[in-house]
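With the working numbering applied, the sequence shown covers 16 to 367.
First the structure, in the form of structure tokens, and then the observations on it.
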Amino acid sequence: MYKAKAYAAAGATAPVASTKITRRDPAENDVQIEILYCGICHSDLHSVRNEWSEFMATNYPIVPGHEIVGRVTKVGSAVSKFKAGDLAAVGCMVDSDGTCPECRAGVEQFCPNMILTFNSPDKHLGGFTYGGYSESIVVDQRFVLRVPENLTLAGTAPLLCAGITTYSPMRRFKVGKGKKVGVVGLGGLGHMAVKFGRALGAHVVVFTTSPNKKEDALRLGAHEVVLSRDANEMQKHVNTFDFILDAVSADHDVNAYLNLLGREGDLTIVGAPPKALGVYAFSLIMRNRSFSGSNIGGIAETQEMLDFCGQHTITSDVEVIPIQKVNEAYERLLKSDVKYRFSIDMASLKSK
Ligand code: NAP
Ligand code: ZN
């Protein structure tokens with residue numbers, strides 16, 4: 016065991032603050048990674064403030080962070096995939112049983128014994144797992160991803176959650192040429208969905224509540240931008256979409272988007288506001304529409320997504336911040352004031 020510098024919150028109303036945590040020494044299948052960048056996902060904020068208490072209560076202290084890129088510093092004797100000096104990445108999961116039907120199907124996120132990167136029971140050290148707002152992490156090699164060498168690291172970190180969470184349902188619903196695809200909410204997840212939709216060849220329409228994001232949406236790859244609070248603009252798209260990805264972090268009316276789907280169109284929700292969303296039966300039955308959800312993605316698909324990003328030179332648009340600014344970043348996230356992901360430069364943690 017060793018001590019590592021980290022940032023943690025002690026309670027739902029406490030700030031995220033400097034601390035030291037214990038990490039295990041790498042066992043035979045483990046990879047130890049020096050963390051270089053960690054993205055700030057809205058899920059970090061929901062978790063720190065215990066907003067998902069009904070579904071996934073937070074255990075304190077919490078060290079958030081599940082968009083991790085870094086360099087391997089040490090590997091266990093049985094590790095074949097990585098060696099010291101390699102780039103490596105870790106997303107939302109750090110372990111699963113590897114034997115259940117879900118693991119065998121490559122959807123480890125649904126394994127009954129899946130361990131999240133933070134806020135899951137830590138079977139090695141007791142207590143709960145600690146995430147990426149830290150100088151290093153030790154993870155079983157099965158959950159460590161390879162990073163394409165051509166991508167900037169600060170912009171690669173957010174691919175580990177925002178990237179896979181949008182890539183996975185877009186592939187599942189066969190987003191591609193000839194498809195009209197909507198993206199609701201131009202935040203961390205939403206802006207990745209725009210990039211993927213464009214790279215996959217679809218016609219991409221962004222729905223935003225922020226008029227000042229209009230130009231950016233087009234620059235990021237959208238063909239059209241709709242201000243979702245403008246009823247006239249919304250009306251023009253009724254019954255026309257094949258697929259819509261909803262990445263909104265707060266309460267909102269999903270019926271407004273379901274009504275834009277054409278026959279057998281699907282609206283997949285990836286945003287995770289804590290309150291129930293009211294759906295009218297008529298929003299669904301009128302055109303055999305479906306309303307789905309999607310939860311991150313499995314490890315093999317995460318690697319596929321990273322390789323896709325390497326081939327298409329796709330990274331997240333990031334604002335790099337020192338870790339000392341994390342509480343300020345959370346407040347700005349709540350105001351949709353980030354273009355389009357905060358990425359923490361972990362060198363700032365060392366300097367303290
Ligand atoms: P984010 O960067 O804060 O983006 C959320 C976007 O939602 C904002 O940029 C804003 O877009 C829109 N929005 C915010 N408040 C709104 C409101 N009151 N009404 C309408 N639109 C609003 O968050 P994120 O990191 O992308 O995460 C988005 C959600 O996905 C979070 O709830 C997060 O927990 C969840 N998530 C789910 C998974 C999964 O596996 N399903 C994985 C990761 C994250 P505009 O300014 O364009 O309107
Ligand atoms: Zn996330």
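Where is the CB? At the ideal position from N, CA and C, for every residue including glycine.
Run of the alpha helix (DSSP H) containing residue i, from where it starts to where it stops
i       : result
Leu-204 : 203–214
Tyr-272 : 270–273
Leu-6   : As displayed, the chain neither begins before 16 nor continues past 367, which places residue 6 out of reach and without an answer.
Val-78  : Per DSSP, Val-78 belongs to no alpha helix (DSSP H) and is neither H nor E.
Ala-177 : 177–187
Sub-9 Å separation of residue i and residue j beta-carbons
i       : j       : result
Ser-363 : Gly-170 : no
Ile-55  : Tyr-345 : yes
Val-335 : Tyr-148 : no
Ile-398 : Leu-174 : Residue 398 falls outside the range modelled here, since the chain spans only 16 to 367, and no answer is possible.
Arg-305 : Pro-184 : It is worth fixing the name first, because residue 305 is Ser in this sequence and not Arg. For Ser-305 and Pro-184, no; Cβs fall outside 9 Å.
Ser-351 : Thr-224 : yes
Ala-172 : Ala-104 : yes
Met-108 : Thr-132 : yes
Residue i - containing beta strand (DSSP E), residue span
i       : result
Ile-284 : 276–284
Pro-337 : 333–337
His-218 : 218–223
Nearest neighbour of residue i, chosen from the options [CA to CA]
i       : options                            : result
Ala-246 : Thr-255, Tyr-272, Leu-260          : Tyr-272
Arg-356 : Glu-343, His-57, Gly-197           : His-57
Val-269 : Glu-66, Ala-208, Ser-298           : Ser-298
Ala-235 : Leu-215, His-206, Leu-260, Phe-258 : The residue asked about is misnamed: residue 235 is Leu in this sequence, not Ala. If we check each option's Cα against that of Leu-235, His-206 comes out closest.
Leu-348 : Ala-287, Ser-366, Ile-83, Ser-264  : Ser-264
Ala-24  : Ser-33, Lys-18, Met-16             : Ser-33
Ile-77  : Ala-27, Val-94, Ser-92, Gly-106    : Ala-27
Met-320 : Met-71, Lys-340, Val-162           : Val-162
Lys-35  : Phe-97, Cys-126, Thr-73, Ile-152   : Ile-152
His-81  : Ile-311, Arg-186, Glu-316, Asp-322 : Ile-311
Pro-289 : Val-46, Glu-69, Val-31             : Glu-69
Arg-187 : Leu-140, Thr-283, Gly-193          : Thr-283
Nearest-angstrom Cβ-Cβ length linking residue i and residue j, presumed shorter than 8 Å
i       : j       : result
Leu-260 : Val-198 : 5 Å
Thr-37  : Lys-20  : Incorrect: roughly 12 Å between the Cβ atoms, too far for contact.
Can at least three beta-carbon pairs, one atom from the region 218–231 and one from the region 147–158, be found at a separation below 8 Å?
Output reads no: the region 147–158 does not touch the region 218–231.
Touch check for the region 161–170 and the region 118–138: three-plus C-beta pairs under 8 Å?
Between the region 161–170 and the region 118–138 there are fewer than three inter-stretch CB-CB distances shorter than 8 Å, so the stretches are not counted as touching.
If we count Cβ pairs, one from each stretch, closer than 8 Å, do we get three or more for the region 227–244 versus the region 170–186?
Touching, no, given that fewer than three Cβ pairs across the two stretches are closer than 8 Å.
Taking one C-beta from the region 86–95 and one from the region 57–66 each time, how about it: are there three or more such pairs within less than 8 Å?
As far as the Cβ criterion goes, the region 86–95 does not touch the region 57–66, which means the pair count is below three.
Count the C-beta pairs between the region 60–77 and the region 96–112 that are closer than 8 Å, then say yes if the count reaches three, no if not.
Verdict: no, contact absent.
With a cut-off of 8 Å, do at least 3 Cβ pairs link the region 283–297 to the region 133–142?
Taking 8 Å as the limit for Cβ pairs, the verdict is that the region 133–142 does not touch the region 283–297.
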